[in-house]
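With our numbering applied, the sequence shown covers 860 to 1058.
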Amino acid sequence: MSKRIKKSQAESIAQAKDFMENKKRNEEIRKQQKWNSYHNSQSSSYSQNSYHNINQQNTYNNSYKKQNNYNDDVEVKKYYKQKGNRYEYKVKCFYESIGYNVYPQGYIHGFNDRGIDLIAYKNNEVHLIQCKCYKYPPRQDLLRIFMGDCELYIQKNLNKLQGKIIHKDFVTSCKTKDYGVARFLEENNNPINYLVIEE
């Protein structure tokens, strides 16, 4: 009797394992088909350019992304990371072209950049820079967060920044300025330099 029970338990376990493996395999096939249909679509183009290639055109179609809900796909996240890196590189080149040395904090430290993407310095000046490659105008809350990040960075690096003139530069690719942002800057005597550098 106990042998029969053990045999049926073993069969049940084997069936459960087969079921889970089939489910996992089907999920992988579904993801691959989803990605293939996205990748082969004419309405989008995915670029695997390096950090330094800033001449690549951005032809990714946002409406297609929303329609097919690719928010969770690793490749799409990678695409946006590369897009952000290219924009940071373009901003870095801009500051270098006007005589600054630039440390690419965001590229080197990734998510541990403490809200400061680039640090540009020349003589007695230091620019703490946040880059936002946005299609739509950034909101006021992003500027407030950036101000807080700058204050934290300054407090943690007092020995390096002592006696320096510190600028807080918020750089975006969007030409339009949000009304709330304009009011915030005006009411606070422009605590941040709000710059537009197109993508």
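We put the beta carbon where it would ideally sit given N, CA and C, even for glycine. If you're wondering where the values come from, they're calculated on a predicted model, not measured in any experiment.
Limits of the alpha helix (DSSP H) - the one that residue i falls within
i	result
Cys1009	Gln999 to Lys1015
Where residue i falls, given that 16 or more other Cβ within 10 Å makes a residue buried
i	result
Asn1055	Checking the sequence, you will find Val at residue 1055 rather than Asn. Burial call: exposed.
Ile957	exposed
Thr1031	buried
Leu977	buried
Gln874	exposed
Tyr954	buried
Lys987	It is worth fixing the name first, because residue 987 is Leu in this sequence and not Lys. Buried, since its Cβ has 16 or more Cβ neighbours within 10 Å.
Glu870	exposed
Asn908	Low per-residue confidence applies at Asn908: pLDDT is 37, beneath 50, and the placement is therefore not dependable, though the value from the model is reported in the following sentence. With fewer than 16 Cβ atoms within 10 Å of its Cβ, Asn908 is classed as exposed.
Cβ-Cβ distance between residue i and residue j below 9 Å
i	j	result
Ile1051	Phe1029	yes
Gly1039	Gln989	no
Tyr966	Leu1002	no
Ile975	Cys1009	yes
Glu984	Pro963	no
Val961	Tyr980	yes
Where the beta strand (DSSP E) containing residue i begins and where it ends
i	result
Glu1046	Premise fails: Glu1046 lies in the alpha helix (DSSP H), Tyr1038 to Glu1046, not in any beta strand (DSSP E).
Asp976	It is not in any beta strand (DSSP E) - Asp976 carries neither H nor E in the DSSP assignment.
Thr1031	Ile1024 to Thr1031
Tyr962	Asn960 to Tyr962
Cys990	Glu984 to Lys991
Tyr1053	Asn1052 to Val1055
Straight-line gap, residue i to residue j (C-alpha atoms, nearest Å)
i	j	result
Tyr934	Arg945	Note that residue 934 is Glu in the sequence shown, not Tyr. Whole-angstrom Cα-Cα distance: 16 Å.
Arg1042	Ile1004	16 Å
Arg973	Gly943	16 Å
Leu1044	Lys940	28 Å
Lys1019	Glu1046	31 Å
Asn1048	Asn982	25 Å
Ile1025	Gly969	23 Å
Glu1058	Lys1027	20 Å
Cys1033	Phe878	50 Å
Lys994	Asp1037	12 Å
Asn1016	Gly1022	12 Å
Lys882	Ile872	15 Å
Pro996	Lys876	51 Å
Met1006	Glu880	50 Å
Thr1035	Cys992	13 Å
Leu1011	Tyr959	23 Å
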